[in-house]
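Chemist: Let me begin by handing over the structure; questions about it come next.
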Amino acid sequence: MMAGVGGGNDFQWCFSQVKGAIDEDVAEADIISTVEFNCSGELLATGDKGGRVVIFQREQESKNRLLSRGEYNVYSTFQSHEPEFDYLKSLEIEEKINKIRWLPQQNAAHFLLSANDKTIKLWKISERDKRAEGYNLKDEDGRLRDQFRITTLRVPVLMPMDLMVEASPRRIFANAHTYHINSISVNSDYETYLSADDLRINLWHLEITDRSFNIVDIKPANMEELTEVITAAECHPHQCNVFVYSSSKGTIRLCDMRAAALCDRHSKFFEEPEDPSSRSFFSEIISSISDVKFSHSGRYMMTRDYLSVKVWDLNMENRPVETYQVHEYLRSKLCSLYENDCIFDKFECCWNGSDSAIMTGSYNNFFRMFDRNTRRDITLEASRENSKPRAMLKPRKVCTGGKRKKDEISVDSLDFNKKILHTAWHPKENVIAVAATNNLYIFQDKIN
Amino acid sequence: MSGEVEASTEEQQEIQDTVVSPEKTEEAKLKARYPHLGTKPGGSDLLRKRLQKGQKYFDSGDYNMAKAKMKNKQLPTAAAEKTEITGDHIPTPQDLPQRKQSLVASKLAV
């Protein structure tokens, strides 16, 4: 089934679940900072500002629940990162999880990478549903048996036990980033991954923690000459030698690791030409790319800047092939958005499984979806008011001026504290996860 | 960083453009409120601020005092701390912004 966007007869998004506390007073630690489905979509991970990871697992579809797909329930939760103090610089290192990326599943256990500003950790999440009983040398409660009392040999037997899900840190990749990590990306070779901070990108081997290769370094010799920083980076989904990184100036560089050990010189440079007469103080700030994502096909990539989402064909560097306006009405509010720092908000974007639709967040707990084939777009809201099971989501509209129609909301009434920065789309189905501050919403399409 | 000192011809162009471009109108508003914006030389303040993100403490002692303050609300209060600050740059724990301890379970996992 092709993923539609909404509206009309083909497709409707419905509420499925919401996770998190309802109370108005949001603790900063509870603010969700990353959301990611695993490669099969069976697991959904969230990271928060408190350094915690919560993993949800989709329940098996049972015959009883014909009207909806399986729900996501808590599978495992653990403290991934803790606050640290850099004694040399007298700086606090936040425990906030910036990114989670799943490794492809290769055995019964699941592995994910989680990163805060400075350190990346490889976590193994495994199930234990059997326990050995009948040890020779130990009692059932673990105490050692008196040796002289042991007169026969017995072989321990595996007995079933209540399912226990354990998370253990298997690798800690530390001390490789002077600046703040903004991205991690697992390579298609399943052996390496990259991590990017404001000025450098490093390549790691998943097995090796005591060294990493620096593959991009844009730090100028004189910091006074600093003009741009790295904002996001990603490995190509199929070509293990290719990766891209975006900048605060709205450019994207594609690099080939076969060309050189240090990829300071790009293979391709993507930038949309700007009309110099329309340049303003805000131009560079709003052109800063907050997220870059390859399509599943590997043929396109998508970038998110403050007001729009752009789809680029990797074969064409001089302009994007598609541009979608997310909230163009904010262009006449840039002054106040600069003053309240909202202009620096980093929105993410994502593709659906077939690359036919893209999604990104906005303010007032609105999020937007664009259908690349029909060119239709829709604005939906993540709100507790519309959270009855399987309730259909009604499209929302922002009124930009003049008469406000019923059900429309005016630009000045938008709540800029309710920002949807992180969204994720199930790799195969029309199920989406939307993080609204401290709440996680799961929506799915209506099953007819 | 965009926002260099504007020549007068550019200012005139700007006035003409405000009708056409909402962005330029917003820029004019901002410049009216903050006339010195973008006039400082050398590198981008915004970028530099971004690179230095992070709560900075005077030293590890301050950091540990701040953490201890969260755990134990009743610090032995030295009276009139503010008047006893020994220098402009040495903060007291009370001056430091609050940081909550976060080693509790996530509410998503309920």
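Sequences listed follow chains A and B, in order. Numbers 1 to 448, taken from the working numbering, label the letters of the first sequence in order. Numbers 1001 to 1110, taken from the working numbering, label the letters of the second sequence in order. We treat Cβ as the ideally placed atom computed from N, Cα and C, and that holds for glycine.
So, at 8 angstroms on beta carbons, what are the nonlocal neighbours of residue 1042 (chain B) in its own chain, with the 5 sequence-adjacent residues on each side left out?
Modeler: With a pLDDT of 44 at residue 1042 (chain B), under the threshold of 50, the modelled position of this residue cannot be trusted; read the value that follows with caution. Hits under 8 angstroms: none found.
Chemist: At a cut of 8 angstroms, does the region 418-432 of chain A reach the region 345-352 of chain A through at least three beta carbon pairs?
Modeler: The region 418-432 of chain A, when compared against the region 345-352 of chain A, does touch it at the 8 angstroms Cβ threshold.
Chemist: Helix, strand or coil for residue 1050 (chain B), going by three-state DSSP, please let me know.
Modeler: In this structure, residue 1050 (chain B) counts as helix in the three-state DSSP scheme.
Chemist: To which residues does DSSP link residue 446 (chain A) through a beta bridge?
Modeler: BP columns for residue 446 (chain A) are empty, so no partner.
Chemist: Any beta-carbon of chain B closer than 8 angstroms to the one on residue 353 (chain A)?
Modeler: Answer no: the Cβ-Cβ gap between residue 353 (chain A) and chain B never drops below 8 angstroms.
Chemist: Say whether chain B places a C-beta atom closer than 8 angstroms to the C-beta of residue 25 (chain A).
Modeler: No, residue 25 (chain A) lies away from the interface with chain B (no Cβ there is under 8 angstroms from its Cβ).
Chemist: Are the CB atoms of residue 427 (chain A) and residue 142 (chain A) within a distance shorter than 8 angstroms?
Modeler: Contact flag unset, no.
Chemist: Could you tell me which residues DSSP pairs with residue 158 (chain A) in its beta bridges?
Modeler: DSSP output for residue 158 (chain A) lists A:132 as bridge partner(s).
Chemist: Measure the beta-carbon distance from residue 94 (chain A) to residue 1063 (chain B) and round it to whole angstroms, keeping in mind my assumption that it falls under 8 angstroms.
Modeler: So it is not a contact: roughly 13 angstroms between Cβ atoms.
Chemist: What residues of chain B sit near residue 282 (chain A), judged by a beta carbon separation below 7 angstroms?
Modeler: Correct list: 1023, 1026 and 1027.
Chemist: Just to confirm, does residue 1065 (chain B) get its C-beta within under 7 angstroms of one of the non-hydrogen atoms of the ligand SAM?
Modeler: The ligand SAM is not among the ligands present in this structure, which contains no ligands whatsoever.
Chemist: Can you tell which of A:117, A:430 and A:101 has its C-alpha closest to the C-alpha of residue 111 (chain A)?
Modeler: Of the listed residues, the one whose Cα sits closest to residue 111 (chain A) is A:101.
Chemist: Name, going along the chain, the residues of the region 82-113 of chain A whose beta-carbon falls closer than 9 angstroms to a beta-carbon of chain B.
Modeler: Cβ contacts with chain B come from 82, 83, 85, 86, 87, 89, 90, 91, 92, 93, 94 and 95.
Chemist: Applying a beta-carbon distance threshold of less than 7 angstroms, which residues of chain A neighbour residue 1059 (chain B)?
Modeler: By Cβ distance, chain A contributes 90.
Chemist: Let me see if you follow: with CB-CB separation under 8 angstroms, is residue 1068 (chain B) close to chain A or not?
Modeler: No, no contact with chain A.
Chemist: In the DSSP assignment, the alpha helix (DSSP H) including residue 1025 (chain B) goes from what residue to what residue?
Modeler: Unbroken alpha helix (DSSP H) run through residue 1025 (chain B): 1022-1033.
Chemist: Round the Cβ separation of residue 59 (chain A) and residue 73 (chain A) to the nearest angstrom and send it over; I've been treating them as touching at under 8 angstroms.
Modeler: Right, the Cβ-Cβ distance comes to about 6 angstroms (below 8 angstroms), so this counts as a contact.
Chemist: With a threshold of 16 other CB atoms inside 10 Å of the CB of residue 146 (chain A), please say whether the residue is buried or exposed.
Modeler: Exposed.
Chemist: With DSSP collapsed to three states, give me the class of residue 337 (chain A).
Modeler: Of the three classes helix, strand and coil, the one that applies to residue 337 (chain A) here is helix, per DSSP.
Chemist: What runs of the beta strand (DSSP E), each 3 residues or longer, lie entirely inside the region 277-332 of chain A?
Modeler: Complete beta strand (DSSP E) runs here, min 3: 291-294, 300-304, 308-313 and 322-325.
Chemist: When the Cβ atoms of the region 356-374 of chain A are set against those of the region 191-205 of chain A, are three or more pairs found closer than 8 angstroms?
Modeler: As far as the Cβ criterion goes, the region 356-374 of chain A does not touch the region 191-205 of chain A, which means the pair count is below three.
Chemist: Pick from A:180, A:184, A:267 and A:30: whose alpha carbon is nearest that of residue 103 (chain A)?
Modeler: Taking only the C-alpha atoms, the option nearest residue 103 (chain A) is A:184.
Chemist: Can you give me the C-alpha to C-alpha distance between residue 1061 (chain B) and residue 1055 (chain B), rounded to a whole angstrom?
Modeler: Roughly 14 angstroms between the two C-alpha positions.
Chemist: I want to know whether the region 223-233 of chain A touches the region 262-276 of chain A - three or more CB-CB distances under 8 angstroms.
Modeler: The region 223-233 of chain A, when compared against the region 262-276 of chain A, does not touch it at the 8 angstroms Cβ threshold.
Chemist: Let me see if you follow: with CB-CB separation under 8 angstroms, is residue 342 (chain A) close to chain B or not?
Modeler: Not closer than 8 angstroms to any Cβ of chain B, the Cβ of residue 342 (chain A) fails to qualify, so no.
Chemist: What number of angstroms, rounded off, separates the C-alpha of residue 77 (chain A) from the C-alpha of residue 53 (chain A)?
Modeler: Spanning the two alpha carbons is a distance of roughly 6 angstroms.
Chemist: Using the Cα positions of residue 173 (chain A) and residue 96 (chain A), report the straight-line distance between them to the nearest angstrom.
Modeler: Their backbone Cα atoms lie some 16 angstroms apart in a straight line.
Chemist: Helix or strand or just coil, what does DSSP make of residue 382 (chain A)?
Modeler: Residue state, collapsed to three classes: coil.
Chemist: How is residue 210 (chain A) classed by DSSP in three states: helix, strand or coil?
Modeler: The answer is strand: DSSP assigns residue 210 (chain A) an E or B state.
Chemist: Name the chain B residues whose beta carbon is nearer than 7 angstroms to that of residue 440 (chain A)?
Modeler: Correct list: 1108.
Chemist: Kindly identify the DSSP beta-bridge partner or partners of residue 38 (chain A).
Modeler: Paired residue(s): none; residue 38 (chain A) is not in a bridge.
Chemist: Is there a C-beta anywhere in chain B that falls below 8 angstroms from the one on residue 115 (chain A)?
Modeler: No, because no Cβ of chain B sits closer than 8 angstroms to the Cβ of residue 115 (chain A).
Chemist: DSSP three-state label for residue 26 (chain A), please.
Modeler: Residue state, collapsed to three classes: coil.
Chemist: Given that a residue counts as buried once 16 or more other Cβ atoms are within 10 Å of its Cβ, and exposed if not, what is residue 34 (chain A)?
Modeler: Flag for residue 34 (chain A) reads buried.
Chemist: Check each residue of the region 324-350 of chain A: if its Cβ is closer than 9 angstroms to any Cβ of chain B, include it; give the result in chain order.
Modeler: From the region 324-350 of chain A, only 331, 332, 333, 334, 335, 336, 337, 338, 339 and 344 have a Cβ closer than 9 angstroms to chain B.
Chemist: Straight-line CA distance for residue 397 (chain A) to residue 328 (chain A)?
Modeler: The alpha-carbon atoms of residue 397 (chain A) and residue 328 (chain A) are separated by roughly 13 angstroms.
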